[in-house]
Amino acid sequence: MVRQDGKPERKVHSLTDAGRAELTDWLSSPVEEDLPKEPFLAQLFFSLPP
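Read in order, the letters of the sequence shown are residues 0 to 49 in numbering that gives the first Met the number 0.
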C-alpha cells in the first residue's frame with residue numbers, strides 16, 4: 000500500500016515470474032477463430048443489398 004495525502008491508500012501490483020511466463024505463453028498462442036454468436040444476424044447482414 001502507498002499512502003496518499005487526501006486520498007485512499009493505493010494498492011501497488013507487480014508481475015511475478017510465473018505471471019510473466021503465463022503472459023508470454025498467452026501472447027504467443029494462436030488467436031481463436033471468432034465465430035458469429037448469432038447466425039441469423041450474420042445472414043441478415045449479408046443479405047441486404049450494398
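Beta carbons are placed, not taken as given, at the ideal position from N, Cα and C, and that holds for glycine.
So what does DSSP say about residue i, is it helix, strand or coil?
{"i": "P7", "result": "strand"}
Using a Cβ-Cβ cutoff of less than 7 Å, which residues in the same chain neighbour residue i once the five nearest sequence positions on both sides are dropped?
{"i": "V1", "result": "E8, R9, V11"}
{"i": "Q42", "result": "none"}
{"i": "Q3", "result": "R9"}
Check the DSSP bridge columns for residue i and list the partner residues they point to.
{"i": "V90", "result": "The structure shown has nothing for residue 90, since the chain only spans 0 to 49."}
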